[in-house]
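J.:
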RNA sequence: ACCGAUGUGGCGGAAUUGGUAGACGCGCUGGAUUCAAAAUCCAGUUUCUUCGGAAGUGGGGGUUCGAUUCCCCCCAUCGGUACCA
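Residue numbers (the numbering used here): 465 to 1415.
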């Protein structure tokens, strides 16, 4: 009997379903282990072979952990709200719920095909009201809490109100925006609306003005990646920044804890560094600059208060609140023009244009806090509104960007640091001695930073301050397909829905276009918006709302009394292993950590960090094949040429057209080409090019016939190969279903792992799978030969035992290190050795089945049952290795001369260093390397090598 | 521009603490088997070579008896940059 993967897969799937093999429940008798995959968004394109890479790795690990005695939670679900479904709805009228459901069904079928061990009873969907009920519930909790900076935790707003009533704003230490001081009495006399506005500055979920990408022509707000060079990607219409009142989450309150929490996590250092840099803690000083002709002050944050005497101008972000009011009449039109231009640029563009400086003078002046000198105030897009205070004191002498700006606008540059003692130091380096700086003169930079901060405080000009780059999270989207906010606005006051009224369900809709004013389509559902106790918020929550806490829901996914029971939270605690891509480095992973800390503060979860260990899987890329199309037509006809011809004639004269990889011979290689059949397939696919000319070195294909230049019979039109994204737009998508159909799920799984380290990106090559397919056949042939079961109860020999136990040792070790590719190599070596030994011993073959079960679950299950077992192999024990089988009798040392291998020496294991040295000296093949040389030293590294150092 | 990662044969990759560079595969070449093909099996496969060797892990420099591994500089590619998910 040959291995028939289709039959075996069918049989195993039924067996697993009947026996609920992967169902998991709380079991205090076993240690828990929670393996989580990143939440997939079910896109209409379905899965390609790159998506399951991380899922296969986590599946293997989860199975391995189960076999080593853990109670393993391994769930899956869908991050089902999102822009693509809404965009599709606008285009086609298909309700996002319907298209999402359809996509989920397709995903599920594809996932099932690969044989994952998910407990599907725990599936969650973020767009399901029974799920988003709890997303809304958490939002209300955020809304009803503030962050106490004294106790360093979230506390109920009711306590804040009490404190305000007793001692006014001064009695409160809390994260907040907009400093407003008031007494207890003033508080008691405020209107409800005024109180609400004050409280908004403290709530962890709050409303504030934020900027959106507004596209007038499309009448809609655009996502950042829908905007290219200040124009909409669709249609190329102008886009501008527009202020809008929106919800935000005060993640900045947690900045310090998010930073500290990283130290305890088993994440890669690079991932932690990215999060640290994103949080961007810097210590320095807050300084106030009085305006020359007004009572207003400009607040700046600087890490270099020591350079205060070098300040010769100030720069505000174009969006800064003061720009409009301070700007003089003469400058109004210039400023307005500059603000408009800056509004068209994205932050990346602003920063990427580091080399070209732009800006505009406001006409206003500030007073230097120490010298009272008038200093001009500019605006420039290199200052960002949301970073720091949106304003800087410019020190052209010791800041590269400020210097460029000063040079361009011919502003004064006051040298304030003498770096002559540090010839290697550049601009901005914190070394040197202060000059031209009044009371700081003669101090070293480090001391000057301290002294200046002290003086600023003593003079009431500023104070020590810690700034974070992290910004509060914008939590509003002007979209339909997202969680509705459980908020009503009555008389200008935001009121949370009572918990009994949750979920606030999305009303049905059939026109998904936004309103003319840029509001969410929900604004059109007037009978939903207008209620007796206020108007509903019509924005919806962003994609990351549902994904910021889903890992807790899996612990008790069907609970309708709470988001998860106390019992489940006590038992499962947190995620032990999370596998996902680095693209989530600072988004999802930061928000999830923030929500978890908040839920911890209010006593809802047991842990402060959600993900103990994190592994980042790389991407599987595709091969993109291009053909060259001449930009100029030949006699009115399109002309394609061979890549070699294009290079000769200059590639600028051609445009590159991605072509379906199936048409290309030897695709992915330097010599990929399309032959006549390929050209004809291409024409069938793109009929608009049926009249085109296809020229290559061998001849020309023209209107159905090939005119050869020599005696060639077929066209060989070279294409250009590139490694890149696997995507519909490049016509290079490989569907896992196709591979599973042909080779089987076990083969597909093992090949994905065999491709390379899980953390690295690598290109997909379908051809390479043959090696794994052969391996599986060879493995199967150890159990069946010509349809005959050949496992016997013969005793294994020494070589077999050594091969097996070496493999067990290596595979266990590599699994713990998430080095799946080397596990597969080890399996291959083991099977090669067992084939050579013609092994039939059950002792060996039984362990091999259990060893490979996590990798090839179908094949293993089948063989396990054939070996006479009733219960699933996936609940069997993982094999242990015995060191005694692995002891080597002899060791072969490489003998090197000056680090180059010149000979080999086989000696008994455990031989003393001196003996090895002595034997090495006597090796005849070393003579030619040692003759006439002086041996300076002989280095013997036990079990490794011997090196002769000669002169 | 900034932050992070990666770079080793024709290709994917291996080398656990600084110790035999190229394990395990793909592909290719030759052979066996076959009417033939597929499949299978065996052998070879970094490059150059005067066949003695020499060079070689993106490029340049350094530390070391010894560097893919550690340090400095540079280049290229990929991910992220706050409304794609």
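By construction, the Cβ of each residue, glycine as well, lies at the ideal position given by its N, Cα and C atoms.
Within 10 angstroms of the Cβ of residue 1103, are there 16 or more other Cβ atoms? Answer buried if so, exposed if not.
T.: Buried, since its Cβ has 16 or more Cβ neighbours within 10 Å.
J.: How many Å lie between residue 852 and residue 494 at the Cα?
T.: In a straight line, the C-alpha of residue 852 is about 50 Å away from that of residue 494.
J.: Rank 1307, 1384 and 649 by C-alpha distance to the C-alpha of residue 1269 and give the top, closest one.
T.: Considering only alpha carbons, the answer is 1307.
J.: Along the alpha helix (DSSP H) that carries residue 984, what are the first and last residues, could you check?
T.: Segment: none, residue 984 is in no alpha helix (DSSP H) and carries neither H nor E.
J.: Could you tell me which residues DSSP puts in a beta bridge with residue 1123?
T.: Bridge partners of residue 1123: 1089.
J.: Under 7 Å Cβ to Cβ from residue 845, same chain only, skipping five residues before and after it: list those, please.
T.: Answer for residue 845: 782, 806, 809, 814 and 822, listed in chain order.
J.: With a floor of 4 residues, list each alpha helix (DSSP H) that falls wholly inside the stretch 536-622, ordered by position along the chain.
T.: Counting whole runs of 4 or more residues, the stretch 536-622 contains the alpha helix (DSSP H) stretches 547-556, 560-578 and 593-607.
J.: Can you name the start and end residues of the alpha helix (DSSP H) that residue 1172 belongs to?
T.: Counting along the chain, residue 1172 falls outside any alpha helix (DSSP H), though it belongs to the beta strand (DSSP E) covering 1169-1172.
J.: So, residue 960 versus residue 715, is the Cβ gap smaller than 9 Å?
T.: For residue 960 and residue 715, no; Cβs fall outside 9 Å.
J.: Nearest to residue 1042 by CA position, among 1025, 1071, 1259 and 1077, is which residue?
T.: If we check each option's Cα against that of residue 1042, 1077 comes out closest.
J.: With DSSP collapsed to three states, give me the class of residue 762.
T.: Residue state, collapsed to three classes: strand.
J.: With H, G and I counted as helix, E and B as strand and the rest as coil, what does DSSP make of residue 906?
T.: Looking at residue 906 - three-state DSSP - the assignment turns out to be coil, as it is neither helix nor strand.
J.: DSSP three-state label for residue 806, please.
T.: Here residue 806 sits in helix by DSSP.
J.: Taking only runs of the beta strand (DSSP E) that begin and end inside the stretch 796-880, which ones reach a length of at least 3 residues, in chain order?
T.: Qualifying beta strand (DSSP E) stretches, in chain order: 824-831, 838-843 and 855-858.
J.: Measuring only the C-alpha atoms, how far is residue 945 from residue 1082?
T.: Straight-line Cα distance between these residues: approximately 30 Å.
J.: Looking only at DSSP bridge pairs, what is residue 678 linked to?
T.: DSSP lists 685 and 704 as partners of residue 678.
J.: Quick check on DSSP: helix, strand or coil for residue 1034?
T.: Helix, per DSSP.
J.: So if DSSP puts residue 1044 in a beta bridge, which residue, or which two residues, is it bridged to?
T.: BP columns for residue 1044 point to 1080.
J.: Taking DSSP's pairing of strands, which residues face residue 1418 in a bridge?
T.: Residue 1418 is absent from the model: the chain starts at 465 and stops at 1415.
J.: When the Cα of residue 667 is compared with those of 699, 608 and 694, which residue comes out closest?
T.: Answer by Cα proximity: 608.
J.: Using 9 Å as the threshold, is the C-beta distance between residue 1209 and residue 1322 below it?
T.: Going by C-beta atoms, residue 1209 is nearer than 9 Å to residue 1322.
J.: With a threshold of 16 other CB atoms inside 10 Å of the CB of residue 1253, please say whether the residue is buried or exposed.
T.: Exposed is the call here.
J.: Could you have a look at residue 1375 and say whether DSSP puts it in helix, strand or coil?
T.: Residue 1375: coil per DSSP, three-state reduction.
J.: On the DSSP bridge assignment, give the partners of residue 782 in chain order.
T.: None; residue 782 has no bridge partner.
J.: Check for me: the beta strand (DSSP E) holding residue 926 runs from which residue to which?
T.: Run containing residue 926: 926-932, per the beta strand (DSSP E) assignment.
J.: Out of curiosity, what's the CA-to-CA distance linking residue 487 and residue 1325?
T.: For residue 487 and residue 1325, the distance between alpha carbons rounds to 17 Å.
J.: Measuring only from the beta carbon, is residue 589 closer than 8 Å to any heavy atom that is part of the ligand NAP?
T.: Absence of the ligand NAP from the depicted structure is noted, as is the absence of any ligand whatsoever, leaving it without description.
J.: So, with DSSP's three-state summary, where would you put residue 741?
T.: In the structure shown, residue 741 sits in a helix (DSSP, three-state: H, G or I).
J.: Which residues mark the beginning and the end of the alpha helix (DSSP H) in which residue 1391 is found?
T.: Per DSSP, residue 1391 belongs to the alpha helix (DSSP H) from 1391-1394.
J.: Who are the Cβ neighbours of residue 1435 in its own chain at under 7 Å, not counting the five residues just before and after it?
T.: Since the displayed the chain opens at 465 and closes at 1415, residue 1435 lies outside it and no answer follows.
J.: In the DSSP assignment, what are the bridge partners of residue 1403?
T.: Looking at the DSSP assignment, residue 1403 forms a beta bridge with 1411.
J.: Tell me residue 672's beta-bridge partners as DSSP assigns them.
T.: Beta-bridge pairing links residue 672 to 710.
J.: What is the DSSP secondary structure of residue 531, reduced to helix, strand or coil?
T.: In this structure, residue 531 counts as helix in the three-state DSSP scheme.
J.: Indicate whether residue 1442 and residue 950 have their beta-carbon atoms separated by less than 9 Å.
T.: What the structure shows of the chain is the stretch from 465 to 1415, and residue 1442 is not part of that stretch, so it cannot be assessed.
J.: Which two residues bound the contiguous beta strand (DSSP E) that contains residue 1103?
T.: Where residue 1103 is concerned, the enclosing beta strand (DSSP E) stretches over 1103-1105.
J.: Which residue or residues does DSSP assign as beta-bridge partners of residue 1249?
T.: Answer is 1252.
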